[in-house]
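Residues 4 to 246 (this note's numbering) make up the sequence shown, in order.
Report on the structure given below.
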Amino acid sequence: MDFIIVDNYEEMSKRARDIFVEKVNKKPNAVLGLATGSTPERFYELLIDAYKQNNVSFENATSFNLDEYVGVSPDNSQSYHHYMNEKLFNHINLPAKQANLPEGETEDLQEACNKYEEKIKNAGGVDLQLLGIGLNGHIGFNEPGTPFDQETHVVDLAPSTREANARFFDSIDEVPTKAITMGIKTIMQSKQIVLLISGEKKADCLYQLVNDPISEDFPASILREHPNVTIIADKAAASKINK
Ligand code: F6R
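So, in structure tokens, the structure goes:
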């Protein structure tokens with residue numbers, strides 16, 4: 004694992020932008036894996052700026068998001084489809100048909116998972132995957148205990164994840180209980196991974212990621228076995244591993 008420790012959230016976002024812009028410039032038809040949440044918000048703004056300044060074009064790129072809530076329609080403002088449209092897709096030239104998210108509002112969820120996995124494979128796999136990390140070590144929505152060999156699947160969200168995400172909803176009761184997520188196996192098949200981690204409240208999490216045994220109890224620990232992972236952490240998140 005490569006470590007980049009930077010001063011703050013802004014610098015973390017800029018480093019991530021540089022890696023993504025460089026990848027798409029080198030490989031215009033790159034397959035990008037994308038994440039939602041608070042962590043990549045500034046990164047997406049910077050990616051939009053890079054596009055507007057003609058430093059990058061997404062015309063031939065393809066994207067696959069990590070996850071989507073089950074039972075939430077794509078135009079619902081709480082959906083990850085909506086998040087991605089607002090924060091990125093509406094502002095860049097990535098064609099809509101090349102921007103993929105799991106289909107969380109469908110009768111046959113298993114089929115939706117299989118189709119998603121197949122689509123990723125047909126696209127040649129993910130070249131560059133962006134990850135955030137949950138306080139319990141989840142990546143995507145692979146909560147503690149998720150087998151490492153799972154592909155895209157339906158998950159029950161951990162109570163702590165629903166609590167953490169309640170800030171995006173009017174009340175915790177509105178936070179969905181299930182999601183579709185790329186599995187750990189799917190994520191580990193990405194050719195390159197960039198994990199962003201910011202803020203003091205994630206300091207224990209980064210400590211665990213670096214020091215805990217590789218175990219399904221802390222899903223992100225598996226990343227230590229991936230050959231090409233870069234962790235970009237701000238000083239606050241890295242405060243416990245620096246000492
Ligand atoms: C989001 C995702 C999650 C988040 C994680 C951290 O698509 O897959 O794993 O990356 O929950 O979320 P934030 O960035 O809000 O702390």
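Even glycine gets a Cβ: it sits at the ideal position worked out from N, Cα and C.
Do Ile196 and Leu134 come within 8 Å of each other at the CB atom, strictly closer than that value?
-> Taking 8 Å as the Cβ cut-off, Leu134 and Ile196 qualify as a contacting pair.
How about Ile187: is its Cβ closer than 7 Å to a heavy atom in the ligand F6R?
-> No, Cβ of Ile187 sits at least 7 Å from all heavy atoms of the ligand F6R.
Examine the Cβ distances between the segment 127 to 146 and the segment 208 to 224 and report whether three or more of them are shorter than 8 Å.
-> Yes, since at least three Cβ pairs between the segment 127 to 146 and the segment 208 to 224 fall closer than 8 Å, the two stretches touch.
Does the pairing of the segment 161 to 168 with the segment 189 to 203 give three or more beta-carbon distances under 8 Å?
-> Inter-segment contact for the segment 161 to 168 and the segment 189 to 203 is absent: fewer than three beta-carbon pairs are separated by less than 8 Å.
Taking 8 Å as the threshold, find out whether the segment 76 to 89 comes into contact with the segment 118 to 125 through three or more Cβ pairs.
-> Result no; under three Cβ-Cβ pairs closer than 8 Å.
Hey, could you find the ends of the alpha helix (DSSP H) Ala53 is sitting in?
-> For Ala53, the uninterrupted alpha helix (DSSP H) run begins and ends at Glu44 to Lys55, by DSSP.
Tell me which same chain residues have a C-beta within less than 8 Å of the C-beta of Val24, skipping the five on either side of it?
-> Contacts found: Leu50, Ala53, Asn58 and Val59.
Report yes or no: is there a C-beta of chain D within less than 8 Å of the C-beta of Leu198?
-> Here there is only one protein chain, and chain D is not present.
Determine, using beta carbons only, whether Tyr72 and Pro230 come nearer to each other than 8 Å.
-> The answer is no: Cβ separation not under 8 Å.
Could you tell me which residues DSSP pairs with Lys181 in its beta bridges?
-> Answer by DSSP bridge pairing, in chain order: Asp159.
Straight-line gap, Val157 to Cys116 (C-alpha atoms, nearest Å) | Between the alpha carbons of Val157 and Cys116 lies a gap of roughly 8 Å.
With a 10 Å radius around its C-beta and 16 neighbouring C-beta atoms as the bar for buried, classify Asn32 as buried or exposed.
-> By the 10 Å Cβ count, Asn32 comes out exposed.
Between Asp5, Gln211 and Asn96, which lies nearest to Gln56 when the distance is taken from Cα to Cα?
-> When each option's Cα is compared against that of Gln56, the closest is Asn96.
Within 10 angstroms of the Cβ of Asn93, are there 16 or more other Cβ atoms? Answer buried if so, exposed if not.
-> Around the CB of Asn93, fewer than 16 other CB atoms lie within 10 Å, so the residue is classed as exposed.
Confirm the yes/no value for this check: CB of Ile196, any heavy atom of the ligand F6R, distance under 7 Å.
-> No, the Cβ of Ile196 stays beyond 7 Å of every heavy atom of the ligand F6R.
Just how far apart, CA to CA, sit Pro216 and Ile8?
-> So the alpha carbons of these two residues sit roughly 22 Å apart.
Per DSSP, which one or two residues make a beta bridge with Tyr72?
-> DSSP, once it has assigned bridges, lists Ala182 as partnering Tyr72.
Quick one: grab the DSSP three-state call for Ile123.
-> Collapsing the DSSP output to three states places Ile123 in a helix.
Pull up the distance between the alpha-carbon of Asp207 and that of Tyr83, whole angstroms please.
-> Each residue's alpha carbon lies about 27 Å from the other.
Examine the ligand F6R and report whether any of its heavy atoms sits within less than 7 Å of the Cβ of Leu209.
-> No, the ligand F6R has no heavy atom inside 7 Å of this Cβ.
How long is the line joining the alpha carbons of Glu146 and Asp152, rounded to whole angstroms?
-> Approximately 13 Å, taken between the alpha carbons.
Return the Cβ separation of Asp237 and Asp5 in integer angstroms, given the expectation that the two are a contact with Cβ distance under 8 Å.
-> Not quite, the Cβ-Cβ distance comes to about 16 Å (not below 8 Å), so this is no contact.
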